[in-house]
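Colleague: Residue 416 in the numbering used here sits at position 19 of the sequence shown, and the numbers go up by one each step.
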Amino acid sequence: MRLPWIGIVTFWLAAMLAAPARAACPLPTPDLAPPPLARQQVDLIAELARPWQAGGEIAIACWPDGTPLAGRRPHPPRDAAEERARRAEHWALARKLNLARKGEAHPRGLPLEPAQLALLERFALSDAGAVWLREVADDTLRLFNQGYLEIDRHVWARAVRTGRMPRLSELITGRLSDKGLFAGDAAVFLFSGYAGSGAMAHPGAIGLGDQGMRCEFPLSGELVDPIAILSHEFGHTRYGDPASAGTLVGEARTVELYENPVRERNGFPPRAVYFERFDQGPLEAGKGGLVERLLQLQRQRGIAVDALTRVDRYHCDCPGPLPIVLDCIVREQPPAEGETAPAYTHDCKVHWKPDMALPGFTPP
Numbered sequence: 398m399r400l401p402w403i404g405i406v407t408f409w410l411a412a413m414l415a416a417p418a419r420a421a422c423p424l425p426t427p428d429l430a431p432p433p434l435a436r437q438q439v440d441l442i443a444e445l446a447r448p449w450q451a452g453g454e455i456a457i458a459c460w461p462d463g464t465p466l467a468g469r470r471p472h473p474p475r476d477a478a479e480e481r482a483r484r485a486e487h488w489a490l491a492r493k494l495n496l497a498r499k500g501e502a503h504p505r506g507l508p509l510e511p512a513q514l515a516l517l518e519r520f521a522l523s524d525a526g527a528v529w530l531r532e533v534a535d536d537t538l539r540l541f542n543q544g545y546l547e548i549d550r551h552v553w554a555r556a557v558r559t560g561r562m563p564r565l566s567e568l569i570t571g572r573l574s575d576k577g578l579f580a581g582d583a584a585v586f587l588f589s590g591y592a593g594s595g596a597m598a599h600p601g602a603i604g605l606g607d608q609g610m611r612c613e614f615p616l617s618g619e620l621v622d623p624i625a626i627l628s629h630e631f632g633h634t635r636y637g638d639p640a641s642a643g644t645l646v647g648e649a650r651t652v653e654l655y656e657n658p659v660r661e662r663n664g665f666p667p668r669a670v671y672f673e674r675f676d677q678g679p680l681e682a683g684k685g686g687l688v689e690r691l692l693q694l695q696r697q698r699g700i701a702v703d704a705l706t707r708v709d710r711y712h713c714d715c716p717g718p719l720p721i722v723l724d725c726i727v728r729e730q731p732p733a734e735g736e737t738a739p740a741y742t743h744d745c746k747v748h749w750k751p752d753m754a755l756p757g758f759t760p761p
């Protein structure tokens, strides 16, 4: 039975005293640390203020019995290329383990399409995405060190023989081990698709609509930043604040803590208006934060914003002023009378209809 991590120093000393199964298989060094035992709520504003976001380099070593273990070396990256490589490894791990098959994330879940995967990859390589995918990868390390993930036995046998450790994304198969299949706590975070627009989340998954996103929020006309929307959705997951979903105050806090910092980093103005489920008109921009203005709305109009359990979803399926919005397709219009070529416009073509609520999912 594998002992839990008590502390890296204690483990390292125990490992050095034991005889490894193969001399070439490297034991853990003192700088190889496991992820924290418990998740901490992400402070995205503080994380984005740091010089690097992907965390320490993931590395593999050997338990004394010759089985693999994984941890991080908490050294800063040498340069931007190394930081990008760490982000790319997190995305490679997610592609192996965290992409849902049909029906896995929820009963209506669909496999992700190429355009959705491309958006997720851009997100994973962005600054905000690096923070969130780091947390997803730390969950993978926890599962791996508990023996819950299946490994490629041929890859590991070669590593033990040669002493050259593979990347973790090369070692795992993307499936749970027999032990993991019967474990009650082997909860894998999942990305999935669904039929519809936009993006939605629950504590253990994020879903992307197969109709894409609008480029503008319909009531305010503010531009949508798809990377910030994904960060918003992560704010509703177990890595952020799962209790934030569903009410206007919770959603407004999510905008302030997890969406607006990303919008500003990406060159978008902060989102100043949030929407009510019922037609009470937009909030006034420029008068305090979203939460403050919602509470003022409650005091002035008697609207119980905490009691609203659903809010509408906002999507984007066309481009805004380039080059800011790059994730929508320019609409091709039929040529006008007397013209030989079709006209192109950046005006939004709105395909808005209220989506049926998915079980356990919340809108952005």
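Note that beta-carbon positions come from the ideal geometry of N, C-alpha and C, so glycine has one too.
Taking Cβ positions, are L379 and G506 nearer each other than 9 Å?
Modeller: Residue numbering for the chain in the displayed model covers 398 to 761; residue 379 lies beyond these limits and cannot be assessed.
Colleague: Can we count G560 as close to the ligand GTP, meaning its CB is less than 8 Å from some heavy atom?
Modeller: Judged by which ligands are present, the structure shown has none, so any question about the ligand GTP falls away.
Colleague: Which full runs of the alpha helix (DSSP H) of 4+ residues lie inside the stretch 512 to 551, going along the chain?
Modeller: If you keep only unbroken alpha helix (DSSP H) runs of at least 4 residues inside the stretch 512 to 551, you get 524 to 542.
Colleague: Note down the Cα distance separating C459 from P465, rounded to an integer number of angstroms.
Modeller: The count along the sequence shown starts at 1 and reaches residue 459 at position 62. The count along the sequence shown starts at 1 and reaches residue 465 at position 68. Each residue's Cα considered, the two are about 5 Å apart.
Colleague: Could you pull the start and end residues of the alpha helix (DSSP H) that S566 belongs to?
Modeller: What you label residue 566 is simply residue 169 of the sequence shown in a count that begins at 1. Where S566 is concerned, the enclosing alpha helix (DSSP H) stretches over L565 to L568.
Colleague: Roughly how many angstroms lie between the CA atoms of P667 and G590, to the nearest whole one?
Modeller: Along the sequence shown, one-based indexing puts residue 667 at 270. Along the sequence shown, one-based indexing puts residue 590 at 193. About 28 Å.
Colleague: Cβ of F665 less than 9 Å from any chain C Cβ?
Modeller: You won't find chain C in this structure, because it holds only one protein chain.
Colleague: Using 10 angstroms around the beta-carbon of R498, count the other beta-carbons present and answer buried if the total reaches 16, otherwise exposed.
Modeller: Looking up residue 498 in the sequence shown gives position 101. Flag for R498 reads exposed.
Colleague: Kindly give me the distance between the Cβ atoms of T634 and A598, rounded to whole angstroms, as I take these residues to be in contact under 8 Å.
Modeller: Translated into the one-based positions of the sequence shown, residue 634 becomes position 237. Translated into the one-based positions of the sequence shown, residue 598 becomes position 201. About 6 Å separates the Cβ atoms of T634 and A598, confirming a contact at the 8 Å cut-off.
Colleague: How should I548 be labelled, buried or exposed, when 16 other C-beta atoms within 10 angstroms of its C-beta is the threshold for buried?
Modeller: Numbered from 1 along the sequence shown, position 151 holds the residue referred to as residue 548. I548 is buried by the Cβ-count criterion.
Colleague: Is DSSP giving P658 helix, strand or coil here?
Modeller: Here residue 658 refers to the residue found at position 261 when the sequence shown is read from its first residue. It is helical.
Colleague: Going by other Cβ atoms of all chains shown within 10 Å of its Cβ, with 16 needed for buried, is A521 buried or exposed?
Modeller: Along the sequence shown, one-based indexing puts residue 521 at 124. By the neighbour-count rule (16 or more Cβ atoms within 10 Å), A521 is buried.
Colleague: Who are the Cβ neighbours of R470 in its own chain at under 7 Å, not counting the five residues just before and after it?
Modeller: To locate residue 470, count along the sequence shown from 1; it is residue 73. Result list for R470: D428, L429, G453, E454 and A456, in chain order.
Colleague: Do the CB positions of A421 and R558 come within less than 9 Å of each other?
Modeller: Locating residue 421 in the sequence shown gives position 24, counting from the first residue. Locating residue 558 in the sequence shown gives position 161, counting from the first residue. For A421 and R558, yes; Cβs fall inside 9 Å.
Colleague: Kindly list the residues whose CB is nearer than 8 Å to the CB of S641, restricted to its own chain and excluding five residues on each side of it in sequence; keep chain order.
Modeller: Translated into positions along the sequence shown, residue 641 becomes position 244. So the qualifying residues of the chain are G632, H633, G647, E648, R650 and T651.
Colleague: What residue range is occupied by the uninterrupted beta strand (DSSP E) comprising H633?
Modeller: As a working mapping, residue 633 is identified with position 236 in the sequence shown. In the DSSP assignment, H633 falls outside any beta strand (DSSP E) and carries neither an H nor an E.
Colleague: Using DSSP's beta-bridge definition, name the partner residues of F588.
Modeller: Within the sequence shown, the letter at position 191 stands for residue 588. Paired residue(s): L496 and I603.
Colleague: Grab me the residues of R603's own chain with a C-beta within less than 6 Å of its C-beta, minus the 5 sequence neighbours each way, in chain order.
Modeller: On the sequence shown, position 206 is the one that residue 603 refers to. Looking at the sequence shown, residue 603 is not Arg but Ile. Within the same chain, I603 has close Cβ partners F588 and E630.
Colleague: Output the residue ranges of the alpha helix (DSSP H) runs that lie fully inside the stretch 440 to 476 and measure 4 residues or longer, sorted by chain position.
Modeller: 441 to 445
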